[in-house]
Structures are given as C-alpha cells and as structure tokens.
Amino acid sequence: MNNRINGKTALYGVIGYPISHSMSPEIHNTIFDLRKENRIYLPLSIPPETLKDAMMMLGSSFKGFNVTIPHKEKIMEYLDEIDEKARWYGAVNTVKVEDGKLIGYNTDGYGFTRSMVEEGVSLEGKRILLVGSGGAARIAGHEILLQGGLLTIANRSSDRSHRLKEVLETNIGAKDIKTMDLNHIESGFDCIINATPLGMAPWVEEMPVREEVLKNSPWIFDMVYNPYETKLMRLGKIYGCRVKNGFSMLFYQAVKAQEIWMGKMFLEDELYKLHEEIENYIVGSRREDIESIG
Numbered sequence: 028m029n030n031r032i033n034g035k036t037a038l039y040g041v042i043g044y045p046i047s048h049s050m051s052p053e054i055h056n057t058i059f060d061l062r063k064e065n066r067i068y069l070p071l072s073i074p075p076e077t078l079k080d081a082m083m084m085l086g087s088s089f090k091g092f093n094v095t096i097p098h099k100e101k102i103m104e105y106l107d108e109i110d111e112k113a114r115w116y117g118a119v120n121t122v123k124v125e126d127g128k129l130i131g132y133n134t135d136g137y138g139f140t141r142s143m144v145e146e147g148v149s150l151e152g153k154r155i156l157l158v159g160s161g162g163a164a165r166i167a168g169h170e171i172l173l174q175g176g177l178l179t180i181a182n183r184s185s186d187r188s189h190r191l192k193e194v195l196e197t198n199i200g201a202k203d204i205k206t207m208d209l210n211h212i213e214s215g216f217d218c219i220i221n222a223t224p225l226g227m228a229p230w231v232e233e234m235p236v237r238e239e240v241l242k243n244s245p246w247i248f249d250m251v252y253n254p255y256e257t258k259l260m261r262l263g264k265i266y267g268c269r270v271k272n273g274f275s276m277l278f279y280q281a282v283k284a285q286e287i288w289m290g291k292m293f294l295e296d297e298l299y300k301l302h303e304e305i306e307n308y309i310v311g312s313r314r315e316d317i318e319s320i321g
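When the count follows the numbering used here, it moves up by one through the sequence shown with no breaks and lands on 321 for the last residue.
What follows is the structure in structure tokens.
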C-alpha cells in the first residue's frame with residue numbers, strides 16, 4: 028500500500044505559468060525526504076487570469092508555497108502581510124499560511140548573500156558591476172549595497188538602469204551608485220554579476236557583456252543555473268576569473284523558505300549534505316540530457 032501521502036500530509040508547492048521548468052519540487056521534496064517530514068511539494072500551473080481565484084484554495088489547503096514568474100509582483104495584492112525586504116524588492120517568492128493569513132516574504136536576497144559567503148567573497152569596498160535591471164538585479168542591488176559594495180548598474184536600457192538606481196537610493200540611502208551603457212563598460216571590476224537571462228536557453232551562446240570586460244575581474248557570479256556552466260563562466264575561466272553559477276542562490280533561497288514555513292533552522296552539516304546531494308543530482312541530470320541529445 029502506498030502511504031507516501033496520507034490525510035496528515037502537509038501540502039506545499041510553487042505557483043507559476045508555465046511551471047514545468049521549475050526545479051523547486053526536486054529541491055524541496057529532497058529536503059522533506061532527508062528530514063523525514065510528512066510533507067510534499069507540488070508544481071501548480073496557474074495562469075495569470077486565475078491567480079486571484081487560486082488564492083482561496085492555496086490559503087485553505089496549503090501550509091506554504093513559493094511564487095515564480097509571472098506572479099511575484101501581482102500576488103502582493105492578495106496577501107495579508109508582507110515582509111519589509113519583500114516590499115523593498117517589489118516581489119514575493121515565498122508565502123507562509125499562518126492562522127488563516129497569507130504572509131509574503133522574499134528569500135532570494137538571502138540566497139544571493141549566502142552564496143557569496145559560501146565562496147568566501149566579501150563585497151565590501153569592491154567595485155561591483157551588476158548587469159541587468161529587472162527583478163533579479165533589483166534584489167542583487169539591494170544586497171550589494173547592504174554589504175558595502177560600490178555598485179555600477181549596466182543595462183541595454185538606460186531608463187531602466189536609472190529607475191533601479193532611484194529605487195535603491197530610496198530604500199538604502201546610497202548616493203554613489205553609477206549607471207553605464209553596456210557598450211561603454213571597461214574592464215577591471217572586482218566582481219561581475221549577471222542578473223539577466225542571457226546564457227540560458229534560448230540564449231546559451233550569448234553573454235551579457237563583451238569578452239574584453241572580463242579582463243582583470245577576479246570574480247564572476249552568473250545567476251543562471253541552467254545550463255550549469257554558461258558561456259560567460261567558460262570565458263571567465265580562460266581569463267583566470269573565479270566563477271560561480273546561480274545554483275547556490277537557488278538552493279539557499281529554498282532553505283530559507285523552509286525555515287520560514289517550519290520555524291526551525293537547519294544545522295550546517297545538514298545543509299552541506301543537502302547542497303551536495305541536490306547539486307550532484309542537477310549536474311547528473313544535465314549530463315544525461317546532453318548525452319541523450321548527442
């Protein structure tokens with residue numbers, strides 16, 4: 028008899044549209060299994076026009092859920108409470124259902140910062156080039172400034188770069204944020220952060236900056252995690268850069284979401300075990316995909 032799910036199983040999930048690309052079910056269900064929790068995590072495909080109606084079902088049947096594209100901003104209208112950082116970011120990626128209330132958080136900032144700490148990288152006083160001005164860049168920009176980084180924003184649209192600068196200045200109080208046109212960026216930044224989708228399908232052979240910008244930049248962080256190694260990372264290695272993809276950010280934002288839902292922290296050795304198992308699974312599954320195509 029299959030008793031994986033029973034009447035006491037707590038339900039969690041991720042809402043988005045489309046949702047088949049999400050790796051969150053693998054990550055969260057692996058964590059539940061390793062911790063022997065009677066919980067299960069489901070992918071829920073919810074078109075934008077049905078989001079409001081879906082909130083009643085989510086609030087009554089689920090203990091918590093994650094939020095991905097295209098609902099991260101719109102869902103804020105339907106929540107009872109919103110964490111301060113989620114308001115800063117202008118987006119919610121985690122919702123906890125507590126005493127009938129829907130409480131919104133954003134754990135992406137924690138994931139970004141923790142992934143830096145994991146690598147022993149300090150941004151304080153460093154010249155940071157942030158490429159992009161969308162939701163991911165907004166989160167990274169806040170965290171870079173909070174860590175004392177010297178921020179330069181580069182984007183194809185100068186208007187969007189300036190709007191992001193204004194948001195960061197308002198929320199953080201920073202006064203020395205620079206903006207640059209992508210075509211005028213010079214090399215020599217201490218850290219280059221890609222917060223654009225360039226590097227993932229269908230743009231796997233594209234980079235967010237010109238190759239010469241990578242020279243004399245010791246550290247590159249690409250928020251893309253699929254593919255596991257982007258063109259930006261491959262060329263960065265050729266120029267002697269340390270490189271890191273977005274997997275750790277994805278992992279640690281999921282960890283923080285679980286801590287919010289369950290109200291208990293992970294032990295460090297438990298985290299390392301989880302990180303290694305899930306990362307090995309992702310690398311292996313990507314290799315199988317490549318081999319099946321070849």
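We put the beta carbon where it would ideally sit given N, CA and C, even for glycine. Computed from a predicted structure; not experimentally measured.
Relative to R187, the option among E170, G200, I212, G161 whose CA is nearest is G161.
Check the Cα spacing between Y299 and each of E239, M50, L61, Y105: the tightest is with L61.
Beta-bridge pairing by DSSP links Y68 to Y39. Setting aside the 5 residues that flank it on each side, K112 is surrounded in the same chain by N133, G136, each with a C-beta closer than 7 Å to its C-beta; the list follows chain order.
One thing to note: I309 has its Cβ within 8 Å of the Cβ of F274. Annotation: the continuous alpha helix (DSSP H) that includes T140 extends over 135-145.
Under the DSSP assignment, E125 falls in the beta strand (DSSP E) whose first and last residues are 121-125.
In this structure, the CA atom of S244 is about 52 Å from the CA atom of K35.
Per DSSP, reduced to three states, the secondary structure at D186 is helical. When the beta-carbon positions are compared, A81 and I32 stay at least 8 Å from each other. A113 sits in a helix when the DSSP states are folded into three classes. Shown here, L241 sits in a helix according to DSSP, grouped into three states.
Between the segment 247-255 and the segment 177-186 there are fewer than three inter-stretch CB-CB distances shorter than 8 Å, so the stretches are not counted as touching.
Contact between I46 and I305 does not hold, since their C-beta atoms are separated by about 19 Å, which reaches or exceeds 8 Å. Taking a C-beta distance under 8 Å as the contact criterion, I155 and F92 do not qualify as a contact pair. DSSP places M83 in the uninterrupted alpha helix (DSSP H) bounded by 78-88. A contact is defined here as three or more CB-CB pairs under 8 Å, and the segment 186-203 fails this definition with respect to the segment 144-152. By a beta-carbon distance limit of 8 Å, K271 does not contact F293. Their separation comes to about 21 Å. When DSSP reads this structure, N93 sits in a beta bridge with V41, T121. Secondary structure remark: continuous alpha helix (DSSP H) runs of at least 4 residues inside the segment 256-287, in chain order: 258-265. Distance from the CA atom of D126 to the CA atom of Q285, rounded to whole angstroms, is 18 Å.
Taking 8 Å as the cut-off, the beta carbon of T223 is found closer than this to the beta carbon of G159.
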